[in-house]
Amino acid sequence: ETPTARSKTVLLAKNLPMGTKTEELQNLFAKYGLVNRVLLPPFGITAIIEMQEAREAKNAFKNLAYTNFNHCPLYLEWAPSNVFKEGEQTTNCVQNSKNTEVLLTDTKVDEAEKPEDDTTIFIKNLNFKTNEEAIEHHFEKCGKVYKVTVARKRHPNGSLLPIGYGFIQFMFKKAALKAMKEMQNSVLDDHALQLKLSRQSASTQKNFERKRVIEKQPGTKILIRNIPFEATVKDVKELFSSFGDLKFVRLPKKLSGVGSHRGFGFAEFSTKSGAKKAMESLGESTHLYGRRLALEWALEESEERDAFDSRKRDVANNVSELARGMQCSCKLMIQVIRAEHASMSLLWEML
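Each step along the sequence shown adds one to the number in full-length UniProt numbering, with nothing skipped, and position 117 is 117.
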């Protein structure tokens, strides 16, 4: 059966706590980039979050999957690529159970020009009367602006009301850094602006090292370390099943065979591609119940057997050395006892 194609910009947030508000999800994901829309049905426990850029969506997934959200782990997976019907209007919005929307209107330069990475700034404390043109004019001295976005909420009467925040994206990273340095707390329409640069991805060197580890993939099995003791097999399955069919998830028990697991486990996929996707997405910084998981490729069965045999030989050698040491100690003890016995016999003869 052909696996379902997955979107690169749309995420599913599953098993949400009852009473979750759309605004909470909007604010949570907005830390990682522009959010086109958040869909959450009345009394729903699953939400759909659409990010504008694939890179931002991937960054949000890496940083938010299985983090604590309202005292529950946040389950994320990539939505099917056809979750929105073809041709469906994609005006940026955040929609909640009361049918209110937050619209993100923007001004943008020619689509043929692509901005550098890490050039988006989150702007807070905007005056409600401030529009995109005013923001662009305010920041244009820092460098070429790619796009300005202002968040607005749809009023029941149909009008759009600003809600005090937005985004600005520059063409070049140096312009964004200049804006952060020179425009922090600058005043626009009598409001002091609060600026925050979007979270940057891991360093180039770290990504290179991770890529080398992933490319050395020996098989389909992943070793997972630092698993919190309260986590269950079901929790780990929920985390890894988004990337492909799982053969099994195993959390070895302690020697007694009862109680909690030992803090590590294995996840084996049916295909190498599924295992590789999981390692790429979860291997860098994934938290489960507040603990950062450490992922590495598990040894193949033959390698595991060789490693086990090697450990067995080491144990046997240690036991042999211990036995030889004990044997020498016993011989020495016998010699001491014999010497003491001879001394006692000589003493009795003298008496």
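Ideal Cβ positions, reconstructed from N, Cα and C, are used throughout, including at glycine.
Quick check on C142: buried or exposed, where buried means 16 or more other Cβ atoms within 10 Å of its Cβ? Numbered from 1 along the sequence shown, position 142 holds the residue referred to as residue 142. C142 is buried by the Cβ-count criterion.
Identify the continuous beta strand (DSSP E) that holds G164 and give its terminal residues. Here residue 164 refers to the residue found at position 164 when the sequence shown is read from its first residue. Taken as a continuous stretch (DSSP letters only), the beta strand (DSSP E) holding G164 covers L160 to F170.
Within 10 angstroms of its Cβ, does D235 collect 16 or more other Cβ (buried), or is it exposed? Along the sequence shown, read from residue 1 onward, the residue named residue 235 stands at position 235. That one is buried.
Would you give the residue range spanned by the beta strand (DSSP E) that K124 belongs to? One-based indexing of the sequence shown puts residue 124 at position 124. K124 -> beta strand (DSSP E) spans T120 to K124.
First and last residue of the uninterrupted beta strand (DSSP E) at S281: On the sequence shown, residue 281 is found 281 positions in, with the first residue counted as 1. Element bounds for S281: not the beta strand (DSSP E) but the alpha helix (DSSP H), K272 to L282.
At the level of alpha carbons, what is the spacing between K276 and K147? Indexing the sequence shown from 1 puts residue 276 at position 276. Indexing the sequence shown from 1 puts residue 147 at position 147. The alpha-carbon atoms of K276 and K147 are separated by roughly 35 Å.
Helix, strand or coil for Q26, going by three-state DSSP, please let me know. Mapped onto the sequence shown, residue 26 falls at position 26. Helix.
Would the beta-carbon of D189 fall within 8 Å of that of N125? For this step, residue 189 is matched to residue 189 along the sequence shown. For this step, residue 125 is matched to residue 125 along the sequence shown. Against a cut-off of 8 Å, the Cβ pair of N125 and D189 comes out as no contact.
Let's see if you can read the secondary structure: which residues bound the beta strand (DSSP E) around E296? Here residue 296 corresponds to residue number 296 of the sequence shown, with the count starting at 1. Here the beta strand (DSSP E) through E296 covers A294 to W297.
To the nearest angstrom, how far is it from the Cα of T120 to the Cα of Q26? Residue numbering aside, residue 120 sits at position 120 when the sequence shown is read from its first letter. Residue numbering aside, residue 26 sits at position 26 when the sequence shown is read from its first letter. Looking at the two C-alpha atoms, the distance is approximately 17 Å.
List in chain order: all unbroken alpha helix (DSSP H) runs of 4+ residues lying wholly within the UniProt domain "RRM" (9 to 81). 22 to 29 and 54 to 64
Closest Cα partner of G219 within the set Y32, Y66, K272 and K8: The residue labelled residue 219 in the question sits at position 219 within the sequence shown. Per the Cα distances, K272.
Cβ of I222 within 8 Å of Cβ of A278? Position 222 of the sequence shown, counting from 1, holds the residue named residue 222. Position 278 of the sequence shown, counting from 1, holds the residue named residue 278. Result yes, Cβ atoms of I222 and A278 sit closer than 8 Å.
Reduced DSSP category for T149 - H, G, I as helix; E, B as strand; rest coil: Within the sequence shown, numbered from 1, the residue matching residue 149 stands at position 149. Strand.
Measure the Cβ-Cβ separation of R152 and S81 and say whether it is below 8 Å. Taking the sequence shown and counting its residues from 1, the one referred to as residue 152 is at position 152. Taking the sequence shown and counting its residues from 1, the one referred to as residue 81 is at position 81. In this structure, S81 does not lie closer than 8 Å to R152 by Cβ.
Would you mind reading off the limits of the alpha helix (DSSP H) that contains F240? The count along the sequence shown starts at 1 and reaches residue 240 at position 240. Residues V233 to F240.
Does DSSP put F266 in a helix, in a strand, or in coil? Translated into positions along the sequence shown, residue 266 becomes position 266. In this structure, F266 counts as strand in the three-state DSSP scheme.
Neighbourhood of A60 by C-beta, 6 Å cutoff - its chain only, sequence neighbours within 5 removed: As a first step, residue 60 is located in the sequence shown; it is residue number 60 there, counting from the start. Only F29 and Y32 meet the Cβ criterion.
State the Cα-Cα distance for the pair L40 and K254, rounded to the nearest angstrom. Mapped onto the sequence shown, residue 40 falls at position 40. Mapped onto the sequence shown, residue 254 falls at position 254. Answer to the nearest angstrom: the Cα atoms are 42 Å apart.
Taking Q169 as the reference, give the member of E24, V187 and Q52 with the closest Cα. What you label residue 169 is simply residue 169 of the sequence shown in a count that begins at 1. The candidate whose alpha carbon is nearest that of Q169 is Q52.
Our contact map puts F240 next to V233 with C-beta atoms below 8 Å; I'd like the distance itself, whole angstroms only. In the sequence shown, counting from the first residue as 1, residue 240 sits at position 240. In the sequence shown, counting from the first residue as 1, residue 233 sits at position 233. About 11 Å; that fails the 8 Å criterion.
In whole angstroms, what is the alpha-carbon distance linking N157 and H287? The residue given as residue 157 occupies position 157 in the sequence shown. The residue given as residue 287 occupies position 287 in the sequence shown. Cα-Cα distance, rounded: 43 Å.
Quick one: give me the first and last residue of the beta strand (DSSP E) that I224 is part of. Indexing the sequence shown from 1 puts residue 224 at position 224. Where I224 is concerned, the enclosing beta strand (DSSP E) stretches over K221 to R225.
Return the CA-CA distance between V299 and K173, expressed in angstroms with no decimal places. By one-based count along the sequence shown, residue 299 stands at place 299. By one-based count along the sequence shown, residue 173 stands at place 173. As written in the sequence, residue 299 is Leu, which differs from the Val given in the question. Between L299 and K173, the C-alpha separation is close to 42 Å.
Alpha carbon to alpha carbon, what distance is there between T67 and P162? As a first step, residue 162 is located in the sequence shown; it is residue number 162 there, counting from the start. As a first step, residue 67 is located in the sequence shown; it is residue number 67 there, counting from the start. Answer to the nearest angstrom: the Cα atoms are 30 Å apart.
Short of 8 Å in beta carbon distance, which residues of its chain neighbour S186, apart from the five on each side in sequence? Order them along the chain. Reading the sequence shown from its first residue, position 186 is the one you call residue 186. Around S186: H138, A192 and L193.
Taking the C-alpha atoms as reference points, what is the distance between W297 and E230? Sequence index remark: in the sequence shown, residue 297 carries index 297 (1-based). Sequence index remark: in the sequence shown, residue 230 carries index 230 (1-based). Going by the C-alpha atoms only, they are around 24 Å apart.
Where do the ends of the alpha helix (DSSP H) carrying K181 lie? Numbered from 1 along the sequence shown, position 181 holds the residue referred to as residue 181. Counting along the chain, the alpha helix (DSSP H) containing K181 begins and ends at K173 to E182.
Could you name the residues that DSSP lists as bridge partners for A192? The residue you call residue 192 lines up with position 192 of the sequence shown. Answer by DSSP bridge pairing, in chain order: V187.
Ignore the nearest five residues each way along the sequence and tell me which others in S242's own chain have a CB closer than 7 Å to its CB. The residue given as residue 242 occupies position 242 in the sequence shown. Only E77 and W78 meet the Cβ criterion.
Excluding five sequence neighbours on each side, which residues of the same chain lie with their C-beta closer than 8 Å to the C-beta of K129? To locate residue 129, count along the sequence shown from 1; it is residue 129. Cβ neighbours of K129 beyond the five flanking positions: P162 and D189.
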